[in-house]
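K.L.:
Numbering (UniProt numbering), first residue to last: 1 to 271.
We treat Cβ as the ideally placed atom computed from N, Cα and C, and that holds for glycine.
One structure, as structure tokens, below. Some questions next.
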């Protein structure tokens with residue numbers, strides 16, 4: 001109520017709130033991996049850098065290779081779907097992808113929001129379409145397009161460790177457009193190749209389905225005269241951030257996506 005009355009005007013209350021919000025974005029101290037508190041902006045920054053280098057950096061993958069025979073027992077892409085995945089993106093596809101990005105989305109390191117591209121589309125549209133279509137043909141992406149600004153936001157009040165922050169990447173609009181085009185193309189076949197037990201991240205499915213299945217499974221566990229059983233709950237921390245390229249490439253190959261040299265999609269130096 002106080003904010004509604006005094007918050008949106010040039011008052012002492014407004015500036016106090018603004019100062020409080022700004023101070024909350026600073027990381028003065030943080031705990032390291034051993035739980036020891038580290039103080040100071042530079043030391044706290046080093047802790048955050050080491051955490052994300054370890055999380056997202058390259059590490060030797062301690063895993064066995066995927067079994068092509070096991071993957072083939074499930075659903076894979078048909079020849080028709082393979083051709084569908086490789087259809088050329090039209091100028092309209094690219095324009096629709098860029099125009100679907102809200103103007104209010106934060107810009108990437110280049111400073112241009114989607115509103116700039118929409119306003120000047122009549123002049124720069126053909127060049128943008130040509131550049132994006134060229135990427136899908138040659139699989140090479142200049143570094144300045146793939147650059148992103150990483151911002152960390154606290155997930156809880158008064159965070160004490162790096163795990164209590166959530167990273168958000170501010171990407172350039174062209175990179176967002178390429179990602180949208182890929183997502184729109186791949187989601188056509190997701191429901192075909194992903195098992196029904198995967199309830200989330202697939203259009204038309206709900207995470208609630210897995211909750212209901214779990215409820216049916218555990219119902220009756222307290223009954224007498226049934227065989228011994230147990231439930232194992234696993235929580236994979238940062239599961240989607242921990243995938244290795246070798247795993248991704250093997251899955252794309254075994255699921256019958258047409259072979260692509262993913263090494264060529266790594267950002268170029270300079271340019």
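1. Could you tell me whether the Cβ atoms of residue 181 and residue 89 are closer together than 8 Å?
2. Within 8 Å of any Cβ in chain B, is that where the Cβ of residue 17 sits?
3. How many whole angstroms separate the CB atoms of residue 132 and residue 178, which I take to be in contact at a CB cut-off of 8 Å?
4. Kindly list the residues whose CB is nearer than 8 Å to the CB of residue 15, restricted to its own chain and excluding five residues on each side of it in sequence; keep chain order.
5. Do the stretch 108-125 and the stretch 143-152 make contact, defined as three or more Cβ pairs closer than 8 Å?
6. I'd like the ranges of any alpha helix (DSSP H) spanning at least 4 consecutive residues and lying wholly in the stretch 22-98.
7. Leaving out five residues on either side along the sequence, give the residues of the same chain with a beta carbon under 7 Å from the beta carbon of residue 185.
8. So, for residue 171: in the same chain, excluding its five sequence neighbours on each side, which residues have a beta-carbon less than 6 Å away from its beta-carbon?
9. From what residue to what residue does the alpha helix (DSSP H) around residue 131 run?
10. Would you mind listing the beta strand (DSSP E) stretches within the stretch 136-183 that are 3+ residues and don't spill past its ends, in chain order?
11. Since residue 30 contacts residue 47 with CB under 8 Å, what's their CB separation in whole angstroms?
12. From the DSSP output, in three-state form, read off residue 200 for me.
13. Am I right that residue 167 and residue 52 are in contact with their C-beta atoms under 8 Å? What's the rounded C-beta distance?
P.N.:
To lay it out plainly:
1. One-based indexing of the chain shown puts residue 181 at position 181. One-based indexing of the chain shown puts residue 89 at position 89. A contact, by the Cβ cut-off of 8 Å.
2. In the displayed structure, chain B is absent; only one protein chain is listed.
3. As a working note, residue 132 is residue 132 in the chain shown. As a working note, residue 178 is residue 178 in the chain shown. Between residue 178 and residue 132 the Cβ distance is about 6 Å, and since that is below 8 Å, they are a contact.
4. Here residue 15 corresponds to residue number 15 of the chain shown, with the count starting at 1. Around residue 15: no qualifying Cβ.
5. yes
6. 41-56, 68-72 and 79-85
7. For the purposes of this step, residue 185 is taken as residue 185 along the chain shown, with counting starting at 1. For residue 185, where only same-chain residues beyond five positions count, the Cβ hits under 7 Å are 85.
8. As a working mapping, residue 171 is identified with position 171 in the chain shown. The beta carbon of residue 171 sits closer than 6 Å to those of 108 and 148, all from its chain and outside the five residues before and after it, given in chain order.
9. Position 131 of the chain shown, counted from the start, is the residue given in the question as residue 131. Counting along the chain, the alpha helix (DSSP H) containing residue 131 begins and ends at 121-138.
10. 148-154 and 165-171
11. If you number the chain shown from 1, residue 30 lands on position 30. If you number the chain shown from 1, residue 47 lands on position 47. Contact flag correct, Cβ pair sits at about 5 Å.
12. Locating residue 200 in the chain shown gives position 200, counting from the first residue. Three-state result, residue 200: coil.
13. In the chain shown, the residue the question calls residue 167 occupies position 167. In the chain shown, the residue the question calls residue 52 occupies position 52. Yes, residue 167 and residue 52 are in contact; Cβ-Cβ is about 7 Å, under 8 Å.
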